[in-house]
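A.B. asks: Protein sequences appear in the order of chains A, B, C and D. For reference, each letter of the first sequence is one residue, going 1 to 218 in our numbering. For reference, each letter of the second sequence is one residue, going 1 to 218 in our numbering. For reference, each letter of the third sequence is one residue, going 1 to 218 in our numbering. For reference, each letter of the fourth sequence is one residue, going 1 to 218 in our numbering. Backbone N, C-alpha and C fix where the C-beta goes; we use that ideal spot for every residue, glycine too.
4 protein chains.
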Amino acid sequence: MSASTPDQPLSGRRETTRRRLFEAAVTLISEQGYGATTVDEIAERAGVAKGTVYYNFGGKGELYAALMEWGVTRLTDTLKGAVPPPEAGASPREALSAVLRAGVVFIGEHESLARLLMAEAWRTNRVWYATVLQIRTEAIGVITGLLDELAEDGSLLPDLDTGLAGSALFGMVVTVALDWRTLQPERPVEEVHTALARMVGGLVGPAASSDRTSIRDS
Amino acid sequence: MSASTPDQPLSGRRETTRRRLFEAAVTLISEQGYGATTVDEIAERAGVAKGTVYYNFGGKGELYAALMEWGVTRLTDTLKGAVPPPEAGASPREALSAVLRAGVVFIGEHESLARLLMAEAWRTNRVWYATVLQIRTEAIGVITGLLDELAEDGSLLPDLDTGLAGSALFGMVVTVALDWRTLQPERPVEEVHTALARMVGGLVGPAASSDRTSIRDS
Amino acid sequence: MSASTPDQPLSGRRETTRRRLFEAAVTLISEQGYGATTVDEIAERAGVAKGTVYYNFGGKGELYAALMEWGVTRLTDTLKGAVPPPEAGASPREALSAVLRAGVVFIGEHESLARLLMAEAWRTNRVWYATVLQIRTEAIGVITGLLDELAEDGSLLPDLDTGLAGSALFGMVVTVALDWRTLQPERPVEEVHTALARMVGGLVGPAASSDRTSIRDS
Amino acid sequence: MSASTPDQPLSGRRETTRRRLFEAAVTLISEQGYGATTVDEIAERAGVAKGTVYYNFGGKGELYAALMEWGVTRLTDTLKGAVPPPEAGASPREALSAVLRAGVVFIGEHESLARLLMAEAWRTNRVWYATVLQIRTEAIGVITGLLDELAEDGSLLPDLDTGLAGSALFGMVVTVALDWRTLQPERPVEEVHTALARMVGGLVGPAASSDRTSIRDS
DNA sequence: CATGAATGAGCCTTCATTCAT
DNA sequence: AATGAATGAAGGCTCATTCAT
């Protein structure tokens with residue numbers, strides 16, 4: 001159906017409806033889980049009739065799949081947007097720190113989506129697993145790319161498997177961020193980011209301590 | 001009711017039935033999720049009649065709860081058992097490495113349980129959330145305890161929030177291990193553990209070297 | 001409402017739309033049944049938007065009713081038109097044969113309508129049952145009329161209940177014709193008609209063999 | 001499922017339930033049509049819960065298909081049982097008459113089933129069309145068999161296509177019988193059968209007399 | 001005249017749970 | 001200790017109908 005093109009201008013009557021449904025669905029599903037959330041609830045929260053869900057998406061599963069895709073785009077766009085452009089002259093370590101910050105901030109602002117993502121991350125035989133995998137792959141790809149640059153730079157732990165390291169950092173960031181939102185929501189985001197950045201700093205080798213900016217090194 | 005004591009000798013007819021149901025349930029639920037797994041499926045896979053589930057556990061939810069508890073015990077016992085005893089004379093850093101290895105190995109052998117755990121980790125309004133949280137807390141507690149020892153030792157990043165760091169390491173280990181099982185199951189467990197241990201070495205301490213004099217070196 | 005007069009000149013834009021809808025509806029409904037055919041399907045096959053069905057007919061039921069009436073008219077007109085006029089000097093037997101041929105040919109050309117008719121023929125508590133009954137009554141009336149003439153003529157099996165016989169011949173013709181279209185569509189229509197005519201020939205008694213024209217009898 | 005073996009002893013609890021559902025379904029569906037009959041109605045009339053329909057048949061469609069098969073068996077068994085055994089010394093013509101009577105009587109006693117059968121007879125793209133076709137084929141087969149005997153006997157119209165003639169007689173009998181039940185239910189069954197038998201005598205043989213010398217008479 | 005997005009009552013179906021055996 | 005037929009509340013989905021454009 002036309003459900004697979006969420007990147008169109010969301011201005012027409014139909015697109016307004018679709019966005020409303022998205023927003024209602026993320027929240028409800030992330031709180032209750034997919035199975036425990038009913039189409040009635042989603043429709044009611046979105047302020048439309050139940051049939052409208054079916055008219056626009058074809059079914060509950062398709063709505064969820066479309067939702068995932070919609071979320072993907074947002075997350076990867078955010079992460080990619082956080083990588084400092086070459087002309088900014090940022091060090092790889094700074095770039096990594098910036099991406100981590102973007103990740104933490106994003107999760108802070110889109111908790112629901114992040115919870116959803118983790119709940120489905122290793123549930124391999126759901127129909128939308130491919131989509132979820134793709135999201136994670138793209139997000140991790142941004143991190144792995146930076147680690148590769150650091151490796152070439154020589155300022156990374158030698159012989160680190162950057163693929164595995166990317167996955168590890170991803171899991172670390174998401175876990176820390178969700179625990180923060182769930183267990184200590186009052187803590188300022190900067191505190192969380194700082195702690196993470198300090199830990200990750202250890203990865204880049206003794207030469208790049210956090211008080212000496214490494215810009216001139218690059 | 002007697003259904004909540006799975007730690008008895010599993011030898012009688014009844015206990016055989018219970019174990020079969022456990023095993024059927026972990027696998028199915030970890031693959032499909034709690035909501036998408038039916039009691040019929042569980043009973044069929046266990047080779048018993050549907051009524052037997054109710055006779056033995058009282059309901060689907062209770063089976064799941066018992067399952068979680070069963071899993072918890074196994075995980076925390078494993079992790080605690082991996083901490084080298086004081087008389088072994090292992091360094092805190094070695095102890096941490098041993099615990100991480102135990103974690104990776106455990107996940108490799110109890111994939112289903114791990115998938116389950118992550119799927120429920122941040123779904124706060126489920127009835128068994130308390131149980132899940134407890135598991136994670138205990139597991140993270142083991143890690144945090146070691147980090148605290150490292151801190152006293154001076155061989156840790158100064159002023160690191162060990163609670164947050166424990167959560168970070170936990171997420172990192174689980175993520176890496178599940179990605180390994182899901183995407184590269186043929187990879188030997190030792191390889192995964194080695195890569196992970198090296199990273200963690202970098203994350204928690206300023207020096208990548210494993211001896212105790214690292215602080216002075218920086 | 002103006003929707004119930006399908007006998008107008010079908011030339012304007014509106015009438016074109018109406019005819020398209022008719023044709024789409026007969027086919028679909030005869031294949032799938034009334035209940036299993038959706039307004040969406042009809043509109044799609046007709047190449048118009050769904051709302052157009054309502055604009056033109058007021059509803060699914062009304063479309064179906066109009067359809068039936070359209071069919072009735074065609075069938076009875078055809079059968080009546082097939083009765084040789086008195087001035088043609090045809091024997092009643094020839095007249096009967098001509099009507100049977102007309103029936104078979106009509107069904108061959110309007111399969112869908114015939115299937116529809118039989119599907120509804122004895123479903124007495126549908127709203128359009130009256131219409132269906134009327135069609136059958138008129139069609140059977142043409143046959144019964146001829147049988148009555150034959151009876152007066154003395155060239156019919158004595159004491160035959162012409163009402164029942166008309167119903168029997170009607171059922172015979174429709175059944176044979178639909179079986180022909182459904183199971184042996186490649187068979188030429190003449191073959192079917194000949195076989196039927198020979199069977200019916202037995203009804204008119206030994207005096208009226210098909211090689212001796214009965215004109216002088218009348 | 002086990003739904004496909006309706007010929008088992010209908011004595012257990014389950015089989016009692018199944019028969020009840022059958023009886024409820026034939027009546028309702030024959031009156032209202034498949035689409036207009038709800039599972040709720042069927043279950044209520046059968047005196048069981050709605051879920052029981054699904055437990056026993058798997059779905060509305062499957063119930064209907066099983067129903068058809070159940071009906072088939074009854075009809076063909078009846079017709080076959082009506083054929084006089086060779087040792088009875090009945091003439092083929094008498095045998096045909098006996099079968100027709102059996103058909104009329106059966107329809108009189110199982111109106112609903114007959115209405116159902118005709119409603120689906122030429123609706124070729126329903127899932128159960130194959131079943132319906134099979135029923136009709138078997139029933140017609142009994143008639144055709146007798147016609148073939150008549151043909152060998154010489155007491156049939158020469159060169160008559162017995163397949164087509166069987167179809168014709170089947171349609172005739174069903175049409176007459178259903179019109180009788182629908183429009184003149186008070187009429188005694190014998191009257192209907194007598195009229196029918198006289199007609200058929202005329203249709204299939206050149207002489208209306210029941211002795212074997214008819215050919216010479218013409 | 002025609003459109004198509006939106007609606008909501010009604011229906012089919014699923015599935016956790018019960019209970020007589 | 002186990003079974004499996006039966007249950008019925010709950011939920012996903014269909015589709016005839018409406019109406020603003």
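For V189 of chain D versus G171 of chain C, is the C-beta distance shorter than 8 Å?
C.D. replies: no
A.B. asks: Would a check of beta-carbon distances place V142 of chain D closer than 8 Å to chain C?
C.D. replies: It does not: the Cβ of V142 of chain D has no partner Cβ on chain C nearer than 8 Å.
A.B. asks: Measuring alpha carbon to alpha carbon, tell me which of A:G103, A:R123, A:I143, A:A65 ends up nearest Y34 of chain B.
C.D. replies: A:R123
A.B. asks: Taking the Cβ atom as the reference point for each residue, do V99 of chain D and V142 of chain D lie within a distance shorter than 8 Å?
C.D. replies: yes
A.B. asks: Please list the partners that V176 of chain C has in chain D, where partner means a Cβ-to-Cβ separation under 7 Å.
C.D. replies: L164, S167, A168, G171
A.B. asks: Give me, in chain order, the residues of the same chain whose beta-carbon lies closer than 6 Å to that of W128 of chain D; leave out the 5 immediate sequence neighbours on both sides.
C.D. replies: A65, M68
A.B. asks: How close, in whole Å, do the beta carbons of D153 of chain B and P92 of chain B come, if the pair is a contact with beta carbons under 8 Å?
C.D. replies: 5 Å
A.B. asks: Check the Cβ-Cβ distances between T182 of chain D and every residue of chain C, and say whether any is below 8 Å.
C.D. replies: yes
A.B. asks: Is there a Cβ of chain A sitting closer than 8 Å to that of N56 of chain B, yes or no?
C.D. replies: no
A.B. asks: Quick one: which chain A residues come within Cβ less than 7 Å of T124 of chain B?
C.D. replies: T182, listed in chain order.
A.B. asks: Is the CB of D161 of chain C under 8 Å away from at least one CB in chain D?
C.D. replies: Yes, its Cβ sits closer than 8 Å to a Cβ of chain D.
A.B. asks: For G33 of chain A, decide whether its Cβ has a neighbour in chain B, counting only Cβ atoms nearer than 8 Å.
C.D. replies: yes
A.B. asks: Would you identify the three-state DSSP class for A46 of chain C, choosing helix, strand or coil?
C.D. replies: helix
A.B. asks: Tell me, please, whether the CB atom of M68 of chain B is closer than 8 Å to any CB atom in chain A?
C.D. replies: no
A.B. asks: Please confirm whether L203 of chain D has its beta-carbon closer than 8 Å to some beta-carbon of chain C.
C.D. replies: yes
A.B. asks: Look up Y64 of chain C in the DSSP assignment and say whether it is helix, strand or coil.
C.D. replies: In the structure shown, Y64 of chain C sits in a helix (DSSP, three-state: H, G or I).
A.B. asks: Is there contact between the stretch 45 to 56 of chain D and the stretch 15 to 28 of chain D, where contact requires at least three CB pairs shorter than 8 Å?
C.D. replies: yes
A.B. asks: Give me the Cα-Cα distance between F106 of chain D and R187 of chain D, rounded to the nearest whole angstrom.
C.D. replies: Going from the Cα of F106 of chain D to the Cα of R187 of chain D covers about 16 Å.
A.B. asks: Can you list the residues of chain C that A195 of chain D reaches, using a CB-CB cut of under 8 Å?
C.D. replies: L160, D161, L164, A165
A.B. asks: Say whether chain B places a C-beta atom closer than 8 Å to the C-beta of T17 of chain A.
C.D. replies: no
A.B. asks: Along chain A, in chain order, which residues have C-beta atoms closer than 8 Å to that of A102 of chain B?
C.D. replies: Under the 8 Å cutoff, chain A gives no residues; its nearest Cβ is about 17 Å from A102 of chain B.
A.B. asks: List the residues of chain C whose Cβ lies closer than 7 Å to the Cβ of A119 of chain D, in chain order.
C.D. replies: A119, R123
A.B. asks: Please report the straight-line C-alpha distance between T78 of chain C and A114 of chain D, rounded to a whole angstrom.
C.D. replies: 29 Å
A.B. asks: Whole angstroms are fine: how far does the CA of E94 of chain A sit from the CA of S155 of chain A?
C.D. replies: 12 Å
A.B. asks: Relative to the C-alpha of R136 of chain A, which residue among A:M118, A:D148, A:R126, A:G145 is closest?
C.D. replies: A:M118
A.B. asks: W122 of chain D by DSSP, collapsed to three states: which one?
C.D. replies: coil
A.B. asks: Take the Cβ of R101 of chain C as the centre, count every other Cβ of all protein chains shown within 10 Å, and call the residue buried at 16 or more, exposed below.
C.D. replies: buried
A.B. asks: Could you check where the alpha helix (DSSP H) with Q134 of chain C kicks off and where it finishes?
C.D. replies: 129 to 153
A.B. asks: Is any heavy atom in the ligand SAH found nearer than 7 Å to the beta carbon of G51 of chain A?
C.D. replies: Of the ligands one can find in the structure shown there are none, so the ligand SAH has no counterpart to examine.
A.B. asks: With V26 of chain A as the anchor, note down where its alpha helix (DSSP H) starts and where it stops.
C.D. replies: 13 to 32
A.B. asks: Nearest by alpha-carbon distance to V104 of chain C: which of C:D161, C:T162, C:V173, C:E62 is it?
C.D. replies: Scanning C:D161, C:T162, C:V173, C:E62 for the CA closest to the CA of V104 of chain C turns up C:V173.
A.B. asks: Please report the distance separating the alpha-carbon of I42 of chain B from that of L75 of chain B.
C.D. replies: Those two C-alpha atoms are separated by around 23 Å.
A.B. asks: With a cut-off of 8 Å, does the C-beta of R93 of chain D fall near any C-beta of chain C?
C.D. replies: no
A.B. asks: Checking contacts by CB at 8 Å: is D179 of chain D closer than that to chain C?
C.D. replies: yes
A.B. asks: State the DSSP-derived secondary structure class of T78 of chain A, mapped to helix, strand or coil.
C.D. replies: helix
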